[in-house]
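Right, one structure below, let's go through it.
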Amino acid sequence: MYSTILAEIVDGVYVVTINRPDKMNALNKDVIADLSKAVDEIYNNAAIKSAIITGMGEKAFVAGADISEFVALDKESGSGLARKGQEMVFNKIENSPKPIVAAVNGFALGGGCELAMSCHFRVASENAKFGQPEVNLGLIPGYGGTQRLTQLIGKGKAMELMMTADLIGADEAKNLGLVNHVVPQGEVVQKAKDILQKIHTKAPVAISLVIACVNDASNGLDNGFEHEISRFGACFETQDMREGTTAFLEKRKPMFKGN
Ligand code: COA
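The sequence shown begins at 2 in the numbering used here and counts up one residue at a time.
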């Protein structure tokens, strides 16, 4: 099904591993196409409740877009590459109704940092390093990095990181709010799985509405409050809301069915 990624469903979690370790898992056209298919699978396969994106090996999550593919690009095809990537992969990950977590197992640079940031949240291994070093190449981020880094860590710090091309370690990334948890190398996928298993016990429709509402806030939508009001109302049409409130009142655990 895929040529550049490995993917398997484990306990309802679709674990997607970018598999080009000899090239630091750099995002070439084939990886972008495979990730796009994988995200479609997350949306459409009922057996998948959530997903993890990680990289093969102990060195890199993803060390960026594949720089060797940049040589042949001009203004139009450069914009096309960014647009295609944003539309086929990064925006679809962000807007997925099912939670998608980045398990950052090493370098997350350029497109790799952007890929991690498009996920709903991030866990990182102690050796992870984050950065947007595009200015070293005479470029700027093109897969949403200028927007999502600013949303996640604030304008001043985002400006500095993107202008200096500095890399930051996992602990600093955590202090800045870029990652939620830092764990020893080798435990990063398990940590993401543990969090997702907890989320699996909650009402799936409500989870998808949380994602949509929080995305409204980070995308600067001025009617985010209105959307929250209507989505709050929509919860009352779900069986899961009836089950959740009834279970609380009956002092038992809810059994959510996702409808
Ligand atoms: N695109 C294409 N190839 C890449 C790559 C990228 N973004 N990042 C790493 N590679 C390749 C290297 O060319 C090398 O290939 P080779 O063995 O065929 O020569 C291989 O991956 C290993 O990388 P190498 O640089 O030898 O490893 P390192 O441990 O010395 O350094 C990094 C690791 C991540 C610091 C370094 O590879 C790097 O700076 N990569 C580019 C990061 C970047 O600028 N990303 C933004 C792109 S827009």
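For glycine and all other residues, C-beta sits at the position ideal for the given N, C-alpha and C.
The C-alpha of G187 is placed about 16 Å away from the C-alpha of N20.
Taking the Cα positions, K194 is about 19 Å away from A171.
Rounded to the nearest angstrom, the gap between the Cα atoms of A204 and N96 is 18 Å. Summarising the contact set, residues whose Cβ lies nearer than 7 Å to any heavy atom of the ligand COA are, in chain order, D23, K24, M25, A27, K60, A61, A64, G65, A66, D67, I68, S69, F108, L110, G111, G112, P134, E135, N137, L138, L140. As summarised for the stretch 90–149, the continuous beta strand (DSSP E) elements at least 3 residues long and confined to that stretch are 101–105, 108–110, 122–126, 130–132, given in chain order. For T55, the enclosing beta strand (DSSP E) starts and ends at 51–56.
Burial state of V124 is buried, judged by a 10 Å Cβ sphere holding 16 or more other Cβ atoms. Check the Cα spacing between V14 and each of E42, N26, A34, D23: the tightest is with E42.
Leaving aside the five residues that flank V190 on each side, the residues in its chain whose CB is nearer than 8 Å to its CB run, in chain order, V16, I53, T55, A104, N106. Taking C-beta atoms under 8 Å as the contact rule, G132 and C120 fail to qualify, at a distance of about 17 Å. The beta carbon of H228 sits closer than 8 Å to the beta carbons of A213, C214, D217, L222 from its chain, once the five residues preceding and following it are set aside; these are given in chain order. Here the alpha carbons of L210 and E251 stand approximately 25 Å from one another. Counted as a single uninterrupted DSSP element, the alpha helix (DSSP H) harbouring L177 occupies residues 171–177. Less than 8 Å divides the Cβ of G112 from the Cβ of A66. Two segments are said to touch when three or more pairs of C-beta atoms, one from each, lie closer than 8 Å; by this definition the stretch 71–78 does not touch the stretch 31–50. Your pair A64 and L7 does not check out as a contact, with CB atoms roughly 18 Å apart and the cut at 8 Å. Between the alpha carbons of Y3 and G58 lies a gap of roughly 18 Å. Taking A61 as the centre and dropping the five residues before and after it, the same chain places the C-beta of M25, N26, G107, F108 closer than 6 Å to its C-beta, in chain order. Inclusion of Q240 and K258 in the CB contact set at 8 Å is warranted, their separation being smaller than that value. In this chain, Y3 is not harboured by any alpha helix (DSSP H), its DSSP state being neither H nor E. Annotated three-state conformation of T18 is strand, per DSSP.
The distance from the Cβ of V136 to that of A117 is about 19 Å, inconsistent with a contact at the 8 Å cut-off. Counting of Cβ neighbours within 10 angstroms places T5 among the buried residues, the total reaching 16 or more.
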